[in-house]
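Note that my numbering numbers the sequence shown so that position 24 is 39, with each residue one more than the last. Ideal Cβ placement from N, Cα and C applies to all residues, glycine included.
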Amino acid sequence: MCLGCRERKDKRELVRVVRSPEGEIHIDPSGKRPGRGAYVCPDKACLAKAIKTKALERSLAGAISEEVRQKLLEEVLG
């Protein structure tokens, strides 16, 4: 389920964002990186909503800095 629009979609249609055991946040294109994961649509609006409502922070169990937010937006769009 996408954290932004809350629509149920197949995992392969979504982008996985993962917090590694070291606390770093990354986009996980393979879906196999270790750590706590969350899914969003590959759409700027969905990611922005997930960040604004803090759904992404709750799912990843930690705060997300502004620098990391910008990096995630760039990676999802790129």
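With contacts defined as CB atoms closer than 9 angstroms, residue 25 and residue 33 fail to qualify as a contacting pair. Between residue 60 and residue 19 the beta-carbon gap is near 7 angstroms, inside 8 angstroms, which marks them as a contact. Non-local beta-carbon contacts of residue 76 in its own chain, meaning distances under 8 angstroms to residues more than five positions away in sequence, involve 34, 51 in chain order.
When DSSP states are grouped into helix, strand and coil, residue 66 belongs to the helix group.
Residue 88 and residue 79 do not touch by the CB rule: their CB atoms are close to 11 angstroms apart, not below 8 angstroms. For the pair residue 49 and residue 36, the CB atoms are nearer than the 9 angstroms cut-off. Rounded to the nearest angstrom, the Cβ distance from residue 16 to residue 27 is 14 angstroms, too far for a contact under 8 angstroms.
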